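Using this note's numbering, read the sequence shown as starting at 31 and increasing by one per residue.
Taking it in order: structure first as structure tokens, then the write-up.
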Amino acid sequence: MNKIIYRQILAVLCFFVFVLPAQALNLDGNFVQGGLIIGKADQATSVFFQGKSLRVSARGIFIIGFDRDAPLQAVLKLKYANGKLKHHKITITKRTYNTQQINGLPPEKVEPKSANILKRIRKEAAIVKKARQLDAPRTDFNQGFIWPVIGEITGVYGSQRVLNGKPRRPHYGIDISAPTGMPVKSPADGVVTLVHPDMFFSGGTLIIDHGHGLSSCFLHLHKHLVKQGQKVKQGQVVAQVGATGRVTGAHLDWRMNWFDKRIDPALLVPPMPNSKSQIPNPK
Ligand SMILES: [Zn+2]
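See the structure below:
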């Protein structure tokens with residue numbers, strides 16, 4: 031008798047484990063402003079974040095990025111094949127950002143006035159914005175990221191900028207001091223989506239797409255070594271550090287975007303080797 035009950039229980043358990051689809055949700059990453067989350071939702075047919083429909087790979091992979099000043103509460107909505115909806119509340123930790131004063135910039139780079147220059151700035155911003163809108167099925171972000179250049183960190187994500195004494199937009203990248211000509215490596219696999227020899231603010235500019243709206247942008251480059259549309263591998267040399275655009279000296283400014291949301295690259299790589307200046311703890 032007991033044996034029969036045991037078998038029945040086992041059969042019921044097997045039914046739940048093997049027959050009913052598991053609706054497991056895994057979210058991995060930094061739940062802080064500027065953070066990136068890689069999600070895996072088994073069996074979900076669609077995923078929405080703050081009402082926005084996200085690309086979900088065949089294996090159920092999706093990503094979410096939190097902006098510099100992202101709201102501290104957000105909702106993730108998962109839809110399953112059987113029509114069921116699940117809501118997950120997400121809590122994001124607030125960060126504090128420092129203020130960075132930079133002096134000695136050419137005045138026309140801080141307060142451009144000529145109509146031609148303003149037109150050029152708008153045109154260049156539109157090109158960059160378009161490249162960042164790409165929502166490609168590649169999942170290169172899944173392999174992790176490496177530093178594109180090793181050097182001293184001279185500027186961090188999110189800092190409030192005061193240029194020549196004038197408050198300006200926050201800094202969204204991480205500045206790594208390095209001499210002109212130093213090789214810049216691709217932080218992950220990807221596709222080159224933008225190559226520009228000289229933008230007004232960012233100088234020689236390169237964008238690499240890592241899939242699902244996540245892209246790396248490199249600023250102030252001396253030279254590009256890849257072409258638009260080219261596939262690149264993690265660690266491949268794609269450019270050379272320079273001092274083009276609005277700079278006081280040679281360095282690499284590495285930015286990451288999830289569409290129009292600014293992501294902190296420093297959260298995606300190990301600590302900078304042999305650097306005196308470390309990233310302040312984001313929490
Ligand atoms: Zn910078």
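Ideal placement from N, C-alpha and C gives every residue a C-beta, glycine not left out.
Note that this is a predicted model, so its numbers are computed, not measured.
query, result
"CB contact check: I293 to chain D, cutoff 9 Å", "Protein chain content of the structure displayed is limited to a single chain, and chain D is not contained in it."
"Cβ neighbour criterion (16 or more within 10 Å) applied to H254", "buried"
"Meets three-Cβ-pair contact criterion under 8 Å: the region 194-201 and the region 131-143", "yes"
"Residue from D239, T278, V277 whose Cα sits closest to the Cα of K261", "D239"
"Endpoints, beta strand (DSSP E) assigned at P197", "196-198"
"beta-carbon D294 near ligand 1 non-hydrogen atom, thresh 8 Å", "no"
"Beta-carbon separation (whole angstroms), A71 vs V86, contact threshold 8 Å", "7 Å"
"Beta-carbon proximity check, H250 vs G211, cutoff 9 Å", "no"
"Through-space distance from G181 to M302, alpha-carbon basis", "8 Å"
"Cβ-based neighbour list, I132, same chain, cut-off 6 Å, excluding 5 preceding and 5 following", "L193"
"Length of the line joining the Cα atoms of P310 and L102", "Its pLDDT being 46, under 50, P310 is placed unreliably by the model, and nothing is read from it."
"Given H281 as reference, the closest of N287, I237, A208 once Cα atoms are compared", "A208"
"Beta-ladder partner(s) of Y110, from DSSP", "A74"
"Cβ pair M286, P295 closer than 9 Å", "yes"
"Residues near ligand 2, criterion Cβ-heavy atom distance below 6 Å", "As far as ligands go, the structure on display features ligand 1 and does not contain ligand 2."
"Beta strand (DSSP E) segment containing K116, residue limits", "115-121"
"Unbroken stretches of the beta strand (DSSP E), 3 residues or longer, contained in the region 231-295", "233-241, 244-251, 267-270, 281-288, 291-293"
"For I206: DSSP bridge partner residues", "I183, L282"
"Sheet register partners of S83 (DSSP bridge)", "F78"
"Spatial distance of T235 from H226 (CA atoms)", "5 Å"
"Residues of its chain near S189, where Cβ-Cβ distance is below 7 Å and the 5 sequence neighbours each way are ignored", "Y127, N128, T129, Q130, P200, H201"
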